[in-house]
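Undergrad:
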Amino acid sequence: MDFDRFRISPGEQVLDMGCGAGRHAFELYRRGAHVVAFDRDEKELASVATMFGAMELEGEVPADASAKTVTGDALNLPFPDDSFDKIVAAEVLEHIPDDMSAMAELLRVLRPGGRLAVTVPSWLPERICWALSEDYHTAPGGHVRIYTRAELEAKLKATGFQVGGHHHAHGLHAPYWWIKCAVGVNNDAHPLAKAYHQLLVWDIMKRPRATRLADRVLNPVIGKSVVVYFTKPDVPAAREQAHAAA
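Every position in the sequence shown, counted from 1, becomes a number in my numbering once 45 is added.
1. Using only the alpha-carbon positions, how far apart do Y74 and I191 sit?
2. So what does DSSP say about L304, is it helix, strand or coil?
3. Excluding five sequence neighbours on each side, which residues of the same chain lie with their C-beta closer than 6 Å to the C-beta of L237?
4. Report the residue ranges of all beta strand (DSSP E) runs contained in full by the segment 117-198; include only those spanning at least 3 residues, in chain order.
5. Excluding five sequence neighbours on each side, which residues of the same chain lie with their C-beta closer than 6 Å to the C-beta of L122?
6. Under 8 Å by Cβ, that's how I've got A99 and A119 pegged, so tell me the actual separation to the nearest angstrom.
7. Using a threshold of 9 Å, state whether the C-beta atoms of S270 and T193 are closer than that.
8. Rounded C-beta distance between G63 and V137? I'm assuming under 8 Å.
9. Ignore the nearest five residues each way along the sequence and tell me which others in V230's own chain have a CB closer than 7 Å to its CB.
10. Is the Cβ of A78 closer than 9 Å to any Cβ of chain D?
11. Look at the Cβ atom of A259, then the Cβ atom of G216, and state whether they are nearer than 9 Å.
12. Kindly list the residues whose CB is nearer than 6 Å to the CB of A135, restricted to its own chain and excluding five residues on each side of it in sequence; keep chain order.
13. Shortest alpha-carbon distance to S54 belongs to which of R160, V262, I249?
14. The alpha helix (DSSP H) spanning V215 covers which residue range?
15. If we ignore side chains and look at the alpha-carbon of each, how far apart do A108 and L152 end up?
16. Can you give me the C-alpha to C-alpha distance between P185 and D84, rounded to a whole angstrom?
17. Check this for me: beta carbons of E57 and D130, under 9 Å apart or not?
18. Within the segment 59-119, note down every full alpha helix (DSSP H) run reaching 4 residues or more, in order along the chain.
19. Assuming E230 is part of the beta strand (DSSP E), what are its boundary residues?
20. Per DSSP, which one or two residues make a beta bridge with Q207?
21. Determine the direct distance from the alpha carbon of E72 to that of R52, and round the result to whole angstroms.
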């Protein structure tokens, strides 16, 4: 995500829905939010909770921020209506057969005027992965669909969200997954896959100028993910505008 577009203010209630290993949840916590890391995988959440505790002990987060983990089902979120100021749903909707029910739940628990950031695999890089490897998308819990950005936006608009811009990310990551699909998605020891993985780790840790520039150039073309931003309409404000226009 681009935190210049998706600004987090200290004290905001933020849900990371389908948090996985917690990458976004940790950044939200560092920025001072009250974070709920939500996932159905209890083992993943146990690791996320451990990291939350370590971050607090190391003084990496503001004193008034908070973070917790919650397990459950994306089709029945265990939160009251209008609970969150912002929601992140990163690389999760492509795993859910009934994606529009999950979208409806996201709308329900987001407050009016709140913002949602959704990321899914981009159509072209994902289509190449599916063509190269059946195992990539048929494993239990794997991807059940390939979104176009237009389809993703249309579904969330039909749910009740307003679209607020998009961009692509992880242009350097797409070739890694093509290699993985070509040599075997579980063949981490393959020399080419191993070497490219080391490159990505080096890039993440060091963030050299050359790879940052390459990533920016590649993102619009083969960015592995598309990030789309949405807003839940503020119904009273919308009604006032309609009355004023009349």
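Backbone N, C-alpha and C fix where the C-beta goes; we use that ideal spot for every residue, glycine too.
TA: Put simply:
1. Here residue 74 refers to the residue found at position 29 of the sequence shown. Here residue 191 refers to the residue found at position 146 of the sequence shown. Cα to Cα, Y74 sits roughly 31 Å from I191.
2. A query on residue 304 cannot be resolved here, the shown segment of the chain reaching from 46 to 291 and no further.
3. Taking the first residue of the sequence shown as position 1, residue 237 is located at position 192. I224, listed in sequence order.
4. 129-135, 155-166
5. Within the sequence shown, the letter at position 77 stands for residue 122. The residues are E150, V154.
6. As a working mapping, residue 99 is identified with position 54 in the sequence shown. As a working mapping, residue 119 is identified with position 74 in the sequence shown. Going by Cβ atoms, the distance from A99 to A119 rounds to 27 Å, so no, they are not a contact pair.
7. Taking the first residue of the sequence shown as position 1, residue 270 is located at position 225. Taking the first residue of the sequence shown as position 1, residue 193 is located at position 148. Against a cut-off of 9 Å, the Cβ pair of T193 and S270 comes out as no contact.
8. Along the sequence shown, read from residue 1 onward, the residue named residue 63 stands at position 18. Along the sequence shown, read from residue 1 onward, the residue named residue 137 stands at position 92. With a Cβ gap of about 3 Å, G63 and V137 count as contacting.
9. Your numbering for residue 230 matches position 185 in the sequence shown. For V230, where only same-chain residues beyond five positions count, the Cβ hits under 7 Å are S178, D180, Y181.
10. Structure shown: chain D not included; a single protein chain is present.
11. As a first step, residue 259 must be located in the sequence shown, where it is residue number 214. As a first step, residue 216 must be located in the sequence shown, where it is residue number 171. Yes; because the gap between Cβ atoms is below 9 Å, this pair is in contact.
12. Taking the sequence shown and counting its residues from 1, the one referred to as residue 135 is at position 90. H69, T164, listed in sequence order.
13. Translated into the one-based positions of the sequence shown, residue 54 becomes position 9. The shortest C-alpha separation from S54 is found at R160.
14. Counting from 1 along the sequence shown, the entry for residue 215 is found at position 170. Rather than Val, the amino acid found at residue 215 in this sequence is His. First-last for H215: undefined, no H or E at that position.
15. Here residue 108 is taken as the residue at index 63 of the sequence shown, counted from 1. Here residue 152 is taken as the residue at index 107 of the sequence shown, counted from 1. Their backbone Cα atoms lie some 30 Å apart in a straight line.
16. In the sequence shown, residue 185 corresponds to position 140, counting from 1. In the sequence shown, residue 84 corresponds to position 39, counting from 1. Rounded to whole angstroms, P185 to D84 spans 16 Å at the Cα level.
17. Counting from 1 along the sequence shown, the entry for residue 57 is found at position 12. Counting from 1 along the sequence shown, the entry for residue 130 is found at position 85. Yes, these two residues count as a Cβ contact at 9 Å.
18. 68-75, 87-102
19. Here residue 230 corresponds to residue number 185 of the sequence shown, with the count starting at 1. What sits at residue 230 in the sequence shown is Val, not Glu. That residue, V230, is in no beta strand (DSSP E); it is neither H nor E in DSSP.
20. Counting from one through the sequence shown, the residue named residue 207 turns up at place 162. DSSP, once it has assigned bridges, lists T276 as partnering Q207.
21. Here the question's residue 52 lines up with position 7 in the sequence shown. Here the question's residue 72 lines up with position 27 in the sequence shown. Distance between the alpha carbons of R52 and E72: 12 Å.
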